[in-house]
Each structure stands twice: as structure tokens, then as C-alpha cells.
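Engineer:
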Amino acid sequence: MSITDLADLSPSARRTAEEFLSTTPADLRDDLRAHLLDSLSPAATDADVRSVIAALGPIGDGTARRGLRGRLLGIPYDFTAPTWDKIISRTWNPADPRIWQPHLFGIGWTPNLGAIAARLGLIEPDAEDDPLTTAPLSPAAILPAAVATMAVLGSAAVLGRSLPDRVGRGWRVDGTPKQVGSRARAIAGSIGWTAGPTAAVAAALAAGAGTTPAQRRNRAGAVVVATAMATGTAVDWLGVVIRARSGRPQPWVGPAAILAAAGSVFGILLTQARRGRRAEQDRDLSGPH
Amino acid sequence: MPNNRETEAWGSQIRKGVVELAVLGLLAAEPRYGSQLVDDLAHYPALAISAGTIYPLLSRLRKAGLIESTWAESPVGPPRKYYALTPTGRTALTAMTDAWAEVTSTLNRILQEGS
Numbered sequence: 001m002s003i004t005d006l007a008d009l010s011p012s013a014r015r016t017a018e019e020f021l022s023t024t025p026a027d028l029r030d031d032l033r034a035h036l037l038d039s040l041s042p043a044a045t046d047a048d049v050r051s052v053i054a055a056l057g058p059i060g061d062g063t064a065r066r067g068l069r070g071r072l073l074g075i076p077y078d079f080t081a082p083t084w085d086k087i088i089s090r091t092w093n094p095a096d097p098r099i100w101q102p103h104l105f106g107i108g109w110t111p112n113l114g115a116i117a118a119r120l121g122l123i124e125p126d127a128e129d130d131p132l133t134t135a136p137l138s139p140a141a142i143l144p145a146a147v148a149t150m151a152v153l154g155s156a157a158v159l160g161r162s163l164p165d166r167v168g169r170g171w172r173v174d175g176t177p178k179q180v181g182s183r184a185r186a187i188a189g190s191i192g193w194t195a196g197p198t199a200a201v202a203a204a205l206a207a208g209a210g211t212t213p214a215q216r217r218n219r220a221g222a223v224v225v226a227t228a229m230a231t232g233t234a235v236d237w238l239g240v241v242i243r244a245r246s247g248r249p250q251p252w253v254g255p256a257a258i259l260a261a262a263g264s265v266f267g268i269l270l271t272q273a274r275r276g277r278r279a280e281q282d283r284d285l286s287g288p289h
Numbered sequence: 001m002p003n004n005r006e007t008e009a010w011g012s013q014i015r016k017g018v019v020e021l022a023v024l025g026l027l028a029a030e031p032r033y034g035s036q037l038v039d040d041l042a043h044y045p046a047l048a049i050s051a052g053t054i055y056p057l058l059s060r061l062r063k064a065g066l067i068e069s070t071w072a073e074s075p076v077g078p079p080r081k082y083y084a085l086t087p088t089g090r091t092a093l094t095a096m097t098d099a100w101a102e103v104t105s106t107l108n109r110i111l112q113e114g115s
């Protein structure tokens with residue numbers, strides 16, 4: 001539950017928030033205040049306020065910040081810090097009908113998977129008051145990354161020795177490799193880029209439910225990024241193996257890696273949104289509250 | 001002399017400014033769910049909005065503390081999320097209604113004098 005005024009905070013938390021706002025450029029203050037109100041609950045401590053402030057990154061001069069974000073010839077660009085909060089708000093916002101949002105970092109667009117889910121009728125635009133913050137992360141959120149890791153480990157164990165000493169890495173549009181490297185390095189890299197993110201997902205889940213919307217949203221953002229890395233890497237490894245064994249270019253790998261990453265992230269976020277909807281319904285439909 | 005497109009753009013800006021007041025006004029009568037608000041506003045062509053507009057608007061009003069949401073069982077189909085005015089929302093609606101009355105009466109006087 002977010003707050004509507006800084007007065008809803010405890011005296012020490014309110015002092016920290018107001019001190020922070022007093023140091024920010026005047027043209028950013030309203031947006032920053034709105035972000036604090038959105039990210040904090042009435043129970044937020046002084047530490048929670050500092051955590052939300054820290055996640056914003058350097059505020060700096062308003063003019064410089066404006067230059068980091070905008071549009072050029074109709075194409076959006078955003079070079080502000082890619083915080084977990086920003087990742088989630090751009091990639092899962094069912095209430096916003098725009099499927100394409102400004103890219104998380106860089107030039108271009110990124111898909112708003114929440115808008116896609118709403119258009120497909122898989123979730124209501126207002127299923128949750130505050131997306132992905134109502135219910136704790138489902139333990140099942142680790143499944144895509146874990147499966148990706150197991151697939152890489154298993155295939156490396158079974159097929160690794162049969163691969164040539166040198167294998168192609170990276171992908172061009174026509175499916176030919178960008179570079180050629182050692183088999184051992186390819187295996188180690190694939191295991192590292194799946195097991196590492198899986199461990200990150202496990203850590204986010206083990207960290208607990210989180211007490212503030214900002215904490216829950218940050219953890220969801222971390223899980224999303226880690227899952228995309230793990231599943232994309234697993235498909236990339238599959239392509240390395242098939243190409244090495246067949247000797248032929250595999251142009252499907254790039255698009256498949258993107259689809260695998262997007263699909264697994266979509267599944268996690270949709271599941272989490274439905275859990276949040278169920279939590280809200282249980283709260284409202286179970287009797288007086 | 002503004003062309004039709006400029007006039008339509010101006011009208012669109014006016015509508016954007018008052019649709020919040022219209023939504024608060026509808027909710028003052030009774031709690032409603034999102035698509036119900038879209039259907040109700042469709043009865044007033046000058047204020048008709050799409051489903052893509054109503055949910056960001058409701059989210060904004062809820063974060064401002066003017067409305068609150070509650071899931072409720074539906075006579076047909078799955079539960080629905082209903083929106084209702086908060087006490088703060090009722091106060092804001094009264095103030096906005098007064099401001100609107102003042103603006104429209106002043107503007108009507110000006111337009112009558114000019115015609």
C-alpha cells in the first residue's frame with residue numbers, strides 16, 4: 001500500500017524524504033515526490049526511504065538529466081540509470097495500453113509485456129493496484145532459469161566431449177558465428193551465464209517477501225533480468241551445439257534466444273500478476289477489512 | 001483562422017481536462033468498475049473515452065487518494081474491481097465542481113457578449 005502524502009510516514013522517514021527533496025532540482029521535485037509516494041508504505045523506515053532514494057541513482061542537475069532522456073526524430077532515447085524499478089515499470093504495466101515503451105537504456109523501444117497480456121485478455125489492466133507488489137514472488141519464478149541451467153549442464157556433460165575443440169560463438173543474422181573460440185571456454189561461459197543468474201533468482205527469492213512496494217518491485221526486476229539472461233544463454237548454447245555438430249549456419253538461434261527470454265519473462269510476470277490479483281481478491285472478498 | 005484539425009485538437013484538450021471530473025462525478029453516484037465507466041461515458045459522446053484511457057486515469061486518481069478500489073463478486077462472471085470516491089475524493093469533487101461552474105458561467109458570459 002503506497003502513501004498519498006509524506007506526512008503518512010514516520011517522523012524520521014519523513015525527515016529523510018524531505019531533506020532529500022530539498023536538495024533536488026526544482027523541476028524534478030514533483031516527479032521525485034510522486035515516485036517516493038508511490039514506492040513507500042506507511043510502515044517504511046528511514047532505511048527504506050534511503051533505499052528508494054539510492055535506487056534513483058544520481059539526480060544531478062536538471063538540465064543534464066533532461067539531456068539523458070527524450071526523443072530524437074521520433075525515436076525515444078533514455079540513458080538514465082536502468083534501475084529495477086524502471087525495468088518493471090517499462091516491461092510490465094497492464095494499465096498502460098502502449099505496447100512499446102522507451103528502451104530501458106539506450107535508443108529505441110522495449111515491449112510492455114503487461115499491455116500485451118491485457119490485450120490478449122490474460123490479465124485485466126487493473127488486476128493489481130500496484131503491479132507486482134501485492135504478493136510475494138512465487139517460488140516457481142526460479143523454474144525457467146533453473147531449467148535453462150540444467151539443460152546447459154546436462155547437454156554439456158553428455159555432448160561436450162563430442163564437440164570440436166573450437167566452436168563458433170556469437171551470431172550474425174545469417175546464423176554464422178561472429179567468432180570462433182575454444183570449446184572449454186564456450187562451455188564454461190554458457191554454464192556461468194545460466195548458473196549465475198539462477199543463483200541471483202534464488203537469492204532474490206530467499207531474501208523474503210519484502211515489506212515495501214519498492215522492495216517487491218526491485219526483486220521482481222532482478223528476477224526478470226536474471227531469467228532473461230539464463231534462458232537466452234541456454235538457447236544460444238543449443239545453437240552452438242547444433243551448429244558444431246551439423247557444420248551449418250543456424251539463423252534461428254538469435255530470434256529463438258530472444259523469444260525464449262521474452263517468453264519466460266512473460267510467464268513469470270503474468271503468474272506474479274495473477275498471484276497479486278488473487279491476493280487482492282482474497283483481501284477484499286473474505287470479509288470485513 | 002483555425003482549421004478543422006486545430007479545432008478538433010483543441011476540443012480534445014478540453015475533453016482531457018474534464019474527463020477526470022466526469023469520472024469522479026460518476027463515482028459519486030455509485031461505485032463502478034473500469035469498463036462500466038467506459039460504457040457510461042459512451043452515453044456522452046463529447047466525453048467518450050477508450051479502455052486504454054480509463055485505467056491509467058483510474059490509477060492516477062487512486063494514487064492521488066481520490067478514489068479507492070475493491071474487488072467484489074459479480075452476478076455474471078469473475079469478480080470485478082470496483083472504484084469509489086474516498087472522503088478526500090468527495091472534497092476534491094466539490095471543489096472541482098465549483099471551479100467548473102465558475103469557469104463555465106464566466107465563459108458563457110463572455111461568449112454571449114461577443115455574439
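These protein sequence lines are chains A and B, in that order.
Its first residue numbered 1, the first sequence is counted upward by one per residue in our numbering.
Its first residue numbered 1, the second sequence is counted upward by one per residue in our numbering.
Where a beta carbon is used, it is the ideal one built from N, C-alpha and C, also for glycine.
#1: For the region 215-235 of chain A against the region 169-180 of chain A, do three or more pairs of beta-carbon atoms, one drawn from each stretch, fall closer than 8 angstroms, so that the two count as touching?
#2: Alpha helix (DSSP H) containing A:Trp-193: first to last residue?
#3: In the structure shown, what three-state DSSP assignment does A:Gly-62 receive?
#4: Which residues in the same chain have their Cβ closer than 6 angstroms to the Cβ of A:Arg-183, if we skip the five residues on either side of it in sequence?
#5: So, helix, strand or coil for B:Ser-69, using DSSP?
#6: How about A:Pro-102 and A:Asp-85: are their beta carbons less than 7 angstroms apart?
#7: Here's the rule I'm using: 16 or more other beta-carbon atoms within 10 Å means buried, otherwise exposed. How should A:Ile-360 be labelled?
#8: Taking only beta-carbon positions, decide if B:Lys-81 is within less than 7 angstroms of chain A.
#9: For my contact list, A:Gln-250 and A:Leu-137 are in at a C-beta cut-off of 8 angstroms; report their separation, rounded to the angstrom.
#10: How many angstroms separate the CA atom of B:Ala-101 from the CA atom of A:Arg-29?
#11: Please state if the CB of A:Val-253 and the CB of A:Gly-263 are separated by a distance shorter than 7 angstroms.
#12: Any contact between the region 84-102 of chain B and the region 13-30 of chain B? By contact I mean 3 or more CB pairs, one from each, below 8 angstroms.
#13: Would you tell me roughly how many angstroms separate the C-alpha atoms of A:Ala-64 and A:Ile-87, rounded to the nearest one?
#14: Would you kindly check if the distance between the Cβ of B:Gly-89 and the Cβ of B:Tyr-55 is under 7 angstroms?
#15: Can at least three beta-carbon pairs, one atom from the region 90-99 of chain A and one from the region 119-136 of chain A, be found at a separation below 8 angstroms?
#16: With DSSP run on the structure shown, which of helix, strand or coil describes B:Tyr-55?
#17: Just to confirm, is the Cβ distance from A:Ala-300 to A:Val-225 under 7 angstroms?
#18: Counting C-beta neighbours from all protein chains within 10 Å, is the total for A:Asn-112 16 or more, i.e. buried, or is it exposed?
#19: Taking 7 angstroms as the cut-off, decide whether the C-beta atoms of A:Gly-208 and A:Arg-216 are in contact.
#20: Count the other CB atoms, across all protein chains shown, that sit within 10 Å of the CB of A:Leu-270; report buried if there are 16 or more and exposed otherwise.
#21: Taking 7 angstroms as the threshold (C-beta atoms), are A:Thr-16 and A:Asp-46 in contact?
#22: Which bits of chain B does A:Gln-281 rub up against, with CB to CB less than 8 angstroms?
#23: Helix, strand or coil, according to DSSP, for A:Trp-252 in the structure here?
#24: Is the beta carbon of A:Thr-212 less than 7 angstroms from the beta carbon of A:Ala-81?
#25: Would you call the CB atoms of A:Val-241 and A:Leu-143 closer than 7 angstroms?
#26: Let me know the beta strand (DSSP E) ranges lying completely inside the region 74-104 of chain A, each 3 residues or longer, listed in chain order.
#27: So A:Asp-295 and B:Trp-71 are supposed to be a Cβ contact under 8 angstroms. How far apart are they, rounded?
#28: For B:Lys-81, which beta-bridge partners are listed by DSSP?
#29: Are A:Thr-198 and A:Thr-149 closer than 7 angstroms when you measure CB to CB?
#30: With respect to the alpha helix (DSSP H) encompassing A:Pro-213, which residues constitute its N-terminal and C-terminal limits?
Structural biologist: To lay it out plainly:
#1: no
#2: Numbered from 1 along the first sequence, position 193 holds the residue referred to as residue 193 of chain A. Per DSSP, A:Trp-193 belongs to the alpha helix (DSSP H) from 183-206.
#3: Residue numbering aside, residue 62 of chain A sits at position 62 when the first sequence is read from its first letter. Residue placement at A:Gly-62 is poorly supported in this model, since its pLDDT is 49, which falls under 50; the coordinates still yield a value, given next. Residue state, collapsed to three classes: helix.
#4: To locate residue 183 of chain A, count along the first sequence from 1; it is residue 183. Same-chain partners within the cutoff: Leu-163, Asp-165, Val-167.
#5: As a first step, residue 69 of chain B is located in the second sequence; it is residue number 69 there, counting from the start. Of the three classes helix, strand and coil, the one that applies to B:Ser-69 here is strand, per DSSP.
#6: By one-based count along the first sequence, residue 102 of chain A stands at place 102. By one-based count along the first sequence, residue 85 of chain A stands at place 85. In this structure, A:Asp-85 does not lie closer than 7 angstroms to A:Pro-102 by Cβ.
#7: Here chain A comprises residues numbered 1 to 289, so residue 360 of chain A is not present and cannot be evaluated.
#8: For the purposes of this step, residue 81 of chain B is identified with residue 81 of the second sequence, where counting begins at 1. Chain A contact via Cβ: present.
#9: Here the question's residue 250 of chain A lines up with position 250 in the first sequence. Here the question's residue 137 of chain A lines up with position 137 in the first sequence. Not a contact, Cβ separation roughly 34 angstroms.
#10: For the purposes of this step, residue 101 of chain B is taken as the residue at position 101 of the second sequence. For the purposes of this step, residue 29 of chain A is taken as the residue at position 29 of the first sequence. Between B:Ala-101 and A:Arg-29, the C-alpha separation is close to 32 angstroms.
#11: Translated into positions along the first sequence, residue 263 of chain A becomes position 263. Translated into positions along the first sequence, residue 253 of chain A becomes position 253. Their beta carbons are not under 7 angstroms apart, which means A:Gly-263 does not touch A:Val-253 by this criterion.
#12: yes
#13: What you label residue 64 of chain A is simply residue 64 of the first sequence in a count that begins at 1. What you label residue 87 of chain A is simply residue 87 of the first sequence in a count that begins at 1. Residue placement at A:Ala-64 cannot be trusted, given a pLDDT of 46 that sits under 50; what the coordinates show is reported in the next sentence. Going from the Cα of A:Ala-64 to the Cα of A:Ile-87 covers about 22 angstroms.
#14: Numbered from 1 along the second sequence, position 55 holds the residue referred to as residue 55 of chain B. Numbered from 1 along the second sequence, position 89 holds the residue referred to as residue 89 of chain B. Going by C-beta atoms, B:Tyr-55 is not nearer than 7 angstroms to B:Gly-89.
#15: yes
#16: As a working note, residue 55 of chain B is residue 55 in the second sequence. It is helical.
#17: Summary: the structure shown does not reach residue 300 of chain A, with chain A confined to residues 1 through 289, and so no result is reported for it.
#18: Within the first sequence, numbered from 1, the residue matching residue 112 of chain A stands at position 112. Buried is the call here.
#19: Translated into positions along the first sequence, residue 208 of chain A becomes position 208. Translated into positions along the first sequence, residue 216 of chain A becomes position 216. Not in contact: A:Gly-208 and A:Arg-216 (Cβ atoms no closer than 7 angstroms).
#20: Sequence index remark: in the first sequence, residue 270 of chain A carries index 270 (1-based). A:Leu-270 should be labelled buried.
#21: As a first step, residue 46 of chain A is located in the first sequence; it is residue number 46 there, counting from the start. As a first step, residue 16 of chain A is located in the first sequence; it is residue number 16 there, counting from the start. Taking 7 angstroms as the Cβ cut-off, A:Asp-46 and A:Thr-16 qualify as a contacting pair.
#22: Numbered from 1 along the first sequence, position 281 holds the residue referred to as residue 281 of chain A. What A:Gln-281 touches in chain B: Trp-71, Pro-79.
#23: Within the first sequence, residue 252 of chain A is the residue found at index 252, counting from 1. The answer is coil: DSSP assigns A:Trp-252 none of H, G, I, E or B.
#24: Within the first sequence, residue 212 of chain A is the residue found at index 212, counting from 1. Within the first sequence, residue 81 of chain A is the residue found at index 81, counting from 1. Not a contact, by the Cβ cut-off of 7 angstroms.
#25: Indexing the first sequence from 1 puts residue 241 of chain A at position 241. Indexing the first sequence from 1 puts residue 143 of chain A at position 143. Going by C-beta atoms, A:Val-241 is not nearer than 7 angstroms to A:Leu-143.
#26: 75-78, 100-102
#27: Beyond the ends of chain A as shown, which are 1 and 289, falls residue 295 of chain A; an answer cannot be given.
#28: The residue given as residue 81 of chain B occupies position 81 in the second sequence. DSSP output for B:Lys-81 lists B:Trp-71 as bridge partner(s).
#29: In the first sequence, residue 198 of chain A corresponds to position 198, counting from 1. In the first sequence, residue 149 of chain A corresponds to position 149, counting from 1. Yes; because the gap between Cβ atoms is below 7 angstroms, this pair is in contact.
#30: In the first sequence, residue 213 of chain A corresponds to position 213, counting from 1. Run containing A:Pro-213: 213-246, per the alpha helix (DSSP H) assignment.
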